[in-house]
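Beneath this line is the structure, given in structure tokens, with notes to follow.
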Amino acid sequence: MEAAQDAVDRIILGEASQHLAASAGAVVVLDDLSGGLVSGLPPLVGIRLHCDSYRSERAAVGVAQRLGLPVLVHPVLDRSLFTDARLVLLRLPKGLAALEEMAEVAAGAAHPDVLLVAGGRDKHMSRSMNAVLAKHFSDVSASYGQRKCRVLFARNPHGAAAAPSFPRRATHQDLDLRICAHGAAFAGTSIDLGTRFLVTFLDQMPASARSVIDLGCGTGVLATLLARRLPQAQVLAVDDSAAACRSTTMTAAANDVASQISVARADVIDPIADHSADLIVCNPPFHRGTTRDSSVAFEMFAGAGRVLRPGGELWTVFNSHLPYLRSLHRTVGPTTIVGRNSSYLATRSVAPGRS
Ligand SMILES: C[S@@+](CC[C@H](N)C(=O)[O-])C[C@H]1O[C@@H](n2cnc3c(N)ncnc32)[C@H](O)[C@@H]1O
185 MEAAQDAVDR
195 IILGEASQHL
205 AASAGAVVVL
215 DDLSGGLVSG
225 LPPLVGIRLH
235 CDSYRSERAA
245 VGVAQRLGLP
255 VLVHPVLDRS
265 LFTDARLVLL
275 RLPKGLAALE
285 EMAEVAAGAA
295 HPDVLLVAGG
305 RDKHMSRSMN
315 AVLAKHFSDV
325 SASYGQRKCR
335 VLFARNPHGA
345 AAAPSFPRRA
355 THQDLDLRIC
365 AHGAAFAGTS
375 IDLGTRFLVT
385 FLDQMPASAR
395 SVIDLGCGTG
405 VLATLLARRL
415 PQAQVLAVDD
425 SAAACRSTTM
435 TAAANDVASQ
445 ISVARADVID
455 PIADHSADLI
465 VCNPPFHRGT
475 TRDSSVAFEM
485 FAGAGRVLRP
495 GGELWTVFNS
505 HLPYLRSLHR
515 TVGPTTIVGR
525 NSSYLATRSV
535 APGRS
């Protein structure tokens, strides 16, 4: 069964079709959402695939395997992905920093004749995207729209930047915290307001916790602050985003807590053993790409319920309008609101049974 292609996949594939013959057999595909791009490529093309999202990567690889398409997965967005590439297809990421890192790395390693075809929905596109591409390619233009989508073309790469702009780094003096961020990592070098609110409760989290998980770790803000507060604890930082995982590893090192933090790229919390964690912190996503979607948050709560040992605690934060309390009660355990402000609720859920 082929992956469903949406209108963005179709316009990218349509605009790229006449260039496939000149791609010299290797096409770079970035951020295929669920295999739609891969499924439209001819069998003789070698595909180098990088999806920031692990869930998307798994879906695209599954499609390629079903169709017998040769695909080489590059979990890291680095120069090897683009070496001598002549055709790069991508779905425009939500954030400009993510696009900028892709463009910078591609322009530094791809063949001088490379064509980058970046597609998105008109409502999610902005002139700033053209400007970001133009920092690294001399020739940037847009296609005509089709079904409320269009592509940006980028040609004539500038070559390698004198100094790579990623990861970006910033110091937050108030928390004595250094953050490192690759382009696609949530919140970049800033601290999300929900995370800031949850940080104010760190002192109330169980000091006896030894096995701690930061679920959806982003740049590793919570993992790092918890490692510092609980020097006896080991913290597992989990995220579906390759950029987030790389960022967390660097953030941990920049704050001298690398020995306490391990990082896993995973979908939700799937590889973690049942009843193995004392404490989980989570600021769950409520978007997937550009679409509002709470389903991953519910999966995270269910995963936390499975992974917490009896008496273990999940501390989470979310926009107060989101209907999460019932799910927390049902899938984790008795849940109390520990704090609220004008935008967020912070909650503590305790897994049933005695520790
Ligand atoms: C709201 S952000 C919070 C990030 C970080 N904890 C912070 O406080 O800045 C949610 C995080 O969940 C991650 N995420 C989204 N879907 C996921 C999934 N299926 N499995 C694991 N993590 C996921 C995102 O990549 C993002 O880093």
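In our numbering, each residue's number is its place in the sequence shown (first place is 1) plus 184. Using N, Cα and C, we set each Cβ at its ideal position, and we do this for glycine too. The structure presented is a predicted model; accordingly, all values stated were derived computationally and were not measured.
Delimiting residues of the beta strand (DSSP E) encompassing residue i
i, result
"residue 355", "352–356"
"residue 429", "Element bounds for residue 429: not the beta strand (DSSP E) but the alpha helix (DSSP H), 426–438."
"residue 331", "Note, residue 331: premise wrong, no beta strand (DSSP E); not H, not E."
"residue 533", "528–534"
"residue 523", "519–524"
"residue 217", "No beta strand (DSSP E) contains residue 217, which DSSP labels as neither H nor E."
"residue 363", "361–365"
"residue 298", "No beta strand (DSSP E) holds residue 298; DSSP gives it neither H nor E."
"residue 448", "445–449"
Boundaries (first-last residue) of the alpha helix (DSSP H) holding residue i
i, result
"residue 489", "479–491"
"residue 311", "311–318"
"residue 240", "238–251"
Spatial neighbours of residue i in its chain, beta-carbon cut-off 6 Å, leaving aside the 5 residues before and after
i, result
"residue 219", "187, 243, 244, 247"
"residue 411", "419, 441, 444, 445"
"residue 424", "237, 238, 239, 451"
"residue 234", "214, 258, 261, 265"
"residue 241", "235"
"residue 267", "293"
"residue 203", "271, 299"
"residue 484", "399, 452, 466, 468"
"residue 438", "362, 364"
"residue 370", "402"
"residue 456", "491"
"residue 327", "199, 334, 335"
Sequence-distant residues of the same chain with beta carbon closer than 7 Å to residue i, five excluded per side
i, result
"residue 306", "329, 332, 333, 334"
"residue 482", "511"
"residue 291", "320, 321, 341, 342, 343"
"residue 520", "531, 532"
"residue 296", "341"
"residue 463", "389, 390, 393, 396, 496, 497"
"residue 504", "524, 527, 528, 529"
"residue 385", "499, 522, 523, 530"
Per-residue burial, residue i [other beta carbons within 10 Å of its own, 16 or more giving buried]
i, result
"residue 458", "exposed"
"residue 228", "exposed"
"residue 206", "exposed"
"residue 514", "exposed"
"residue 193", "buried"
"residue 358", "exposed"
"residue 189", "buried"
"residue 366", "buried"
"residue 431", "buried"
"residue 223", "buried"
"residue 304", "buried"
"residue 252", "exposed"
"residue 435", "buried"
"residue 408", "buried"
"residue 449", "buried"
Assigned secondary structure, residue i (DSSP; H/G/I helix, E/B strand, else coil)
i, result
"residue 325", "strand"
"residue 475", "strand"
"residue 232", "strand"
"residue 395", "strand"
"residue 306", "helix"
"residue 222", "helix"
"residue 516", "coil"
"residue 189", "coil"
"residue 414", "coil"
"residue 373", "coil"
"residue 470", "coil"
"residue 500", "strand"
"residue 182", "The structure shown has nothing for residue 182, since the chain only spans 185 to 539."
"residue 409", "helix"
"residue 337", "strand"
"residue 495", "strand"
"residue 210", "strand"
"residue 458", "coil"
"residue 173", "What is shown of the chain runs 185 to 539, which leaves residue 173 out entirely."
Neighbourhood of residue i by C-beta, 8 Å cutoff - its chain only, sequence neighbours within 5 removed
i, result
"residue 536", "494, 517, 518"
"residue 287", "300, 316, 317, 319, 320, 321, 338"
"residue 460", "395, 491, 493"
Chain D within 7 Å of residue i, Cβ atoms only
i, result
"residue 310", "Here there is only one protein chain, and chain D is not present."
*At 3 residues or longer, and completely inside the stretch 257–294: list those beta strand (DSSP E) runs for me, N to C.*
Listed in chain order, the complete beta strand (DSSP E) runs (minimum 3 residues) inside the stretch 257–294 are 271–275.
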